[in-house]
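Just so we're aligned: 114 in full-length UniProt numbering is position 114 of the sequence shown, and the numbers increase by one with no gaps anywhere. Using N, Cα and C, we set each Cβ at its ideal position, and we do this for glycine too. What follows is a single structure, written as structure tokens, with notes after it.
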Amino acid sequence: MTADDNDGWDEWEDDTFSSPPLSPTGSGQWDRIEKTQAYPMMNLPPITPHFSDPDDAQSNEEKLLLLHDDVPKALQISRERMQALQALALVTRVHVLALFASDEFGNKSRMPTLSDAEILQDAKDIGRDELLVNGERVGGAKGYDAVVDALQRELELVLARQAGMTPEQTPMAVSNALQSVAMAVVHASNRTESGGCSYELLSKFLSKHEMTRVLLRPDSARAAPLEVYLDLGPYLEAIPGSDEPTWAFGLRVKLVAVTWYLVCDTEDPTTELYEIETTFCNRLAFPVGLTPFLPLDTMRKDRGNVTVRLVRPCTPECTSPRRQE
């Protein structure tokens, strides 16, 4: 685990686009494009068409083709690639509707399974934490089952929107599959993994210096809620026996966990020398039978990415074990 493990992190459509090289002349046009491209995609207004509107005069095909024009010019990708993704989205919608009408949904994907020991540990971890699921706060104090139910409801909502249906119309086979996905998300977002990866990276960093003089300890009081972003869309997936990844379509999950640490004097742990913020990010993808024409049936899990930010040296006023207000 290193901060440079970025392989596979640049193909999802919700990431910030990198800025183009600046013109040698430094024209104002390039400046405007650079500022626009630096704007996160997740902050842009939604452009998903309302497939379920029967009174709309435009066909689904026409709506998909108009998507490209709705994206800000500086954020547009090549028209050929966009049309390929549009075609995949349209075919997938028909595929999702067909699966909803059959009993094969749960059998199209190998759902991740957890041992009883893993579920027990996840329940202990989540009980001391909070989640933000697509911006909605879910308290871990409500219990493991309540958190899994909240994630499952959000997954059902995301999937139902793709099919132009309501979550209440979700078939039982689909609900069972999404419950397994929700449990896998809870397992991947627990502090044991995110906090452990962050602590390991920090320890390796500090070990290159005079480690005998400092002590690293977490500042649990400043831990932010675990952030979980769920949506449905295209992603790249490796195919066994193929050198090139292929586009798949399914449930996509992005996990973000922010943890604070204090670098303290070894002889006096109440003396706080530095404050460090770590951000752990990871992404999961579940085909759950949504990718037509491809035999994808396993969960994709990226390698976690940890970024470290040295916020500021502690001042004498903040060295007390009970911080002064």
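Rounded straight-line distance, which links the Cα of residue j to that of residue i
| i | j | result |
| --- | --- | --- |
| Val263 | Thr307 | 17 Å |
| Ser242 | Pro269 | 53 Å |
| Ile239 | Leu159 | 24 Å |
| Val181 | Arg128 | 21 Å |
| Gly135 | Glu237 | 27 Å |
| Leu178 | Gln169 | 14 Å |
| Asp231 | Lys254 | 9 Å |
| Val288 | Val214 | 48 Å |
| Leu310 | Tyr199 | 14 Å |
| Cys281 | Arg217 | 21 Å |
| Thr279 | Gly139 | 21 Å |
| Ser203 | Cys197 | 10 Å |
| Ala285 | Ala248 | 9 Å |
| Val174 | Ala163 | 13 Å |
| Pro161 | Thr259 | Looking at the sequence shown, residue 161 is not Pro but Arg. Computed Cα separation, rounded: 34 Å. |
| Leu151 | Phe205 | 35 Å |
| Leu184 | Lys124 | Note on identity: in this sequence residue 184 is Ala, with Leu being the wrong assignment. Roughly 15 Å separates the two Cα atoms. |
| Gly304 | Gly233 | 20 Å |
N- and C-terminal bounds of the beta strand (DSSP E) containing residue i
| i | result |
| --- | --- |
| Gly241 | Gly241 -> no beta strand (DSSP E), and no H or E assigned at all. |
| residue 369 | The displayed coordinates of the chain run from 1 to 325. Any statement about residue 369 would go beyond what the structure contains. |
| Leu284 | Glu272 to Phe286 |
Residue environment, residue i, which counts as buried when at least 16 other CB atoms sit within 10 Å
| i | result |
| --- | --- |
| Val176 | In the sequence as displayed, the identity of residue 176 is Asn instead of Val. Exposed, because fewer than 16 other Cβ atoms sit within 10 Å of the Cβ of Asn176. |
| residue 326 | Only positions 1 to 325 of the chain appear in the structure, and residue 326 is not among them; the question remains open. |
| Asp145 | exposed |
| Thr113 | exposed |
| Gly143 | exposed |
| Ser189 | buried |
| Ala117 | exposed |
| Thr246 | exposed |
| Arg137 | exposed |
| Arg252 | buried |
| residue 342 | Outside the modelled stretch of the chain, which goes from 1 to 325, sits residue 342, for which no answer is possible. |
| Gln29 | Legend: pLDDT at Gln29 = 37, less than 50; position of this residue unreliable, value from coordinates given subsequently. Answer is exposed; the Cβ neighbour count stays below 16. |
| Ala221 | exposed |
| Ala141 | exposed |
| Glu156 | buried |
Rounded Cβ spacing between residue i and residue j (contact assumed at less than 8 Å)
| i | j | result |
| --- | --- | --- |
| Arg283 | Asp265 | Between Asp265 and Arg283 the Cβ distance is about 38 Å, and since that is not below 8 Å, they are no contact. |
| Gln121 | Thr192 | 7 Å |
| Ser207 | Ala257 | The Cβ separation is near 23 Å, so there is no contact. |
| Val228 | Val133 | 5 Å |
| Leu226 | Leu131 | 5 Å |
Element boundaries [alpha helix (DSSP H), containing residue i]
| i | result |
| --- | --- |
| Asn176 | Met172 to Ser189 |
| Glu118 | Asp116 to Gly127 |
Backbone secondary structure at residue i - three-state DSSP
| i | result |
| --- | --- |
| Arg300 | strand |
| Pro218 | strand |
| Gly135 | coil |
| Ala257 | strand |
| Glu267 | coil |
| Thr192 | helix |
| Pro234 | strand |
| Ala223 | coil |
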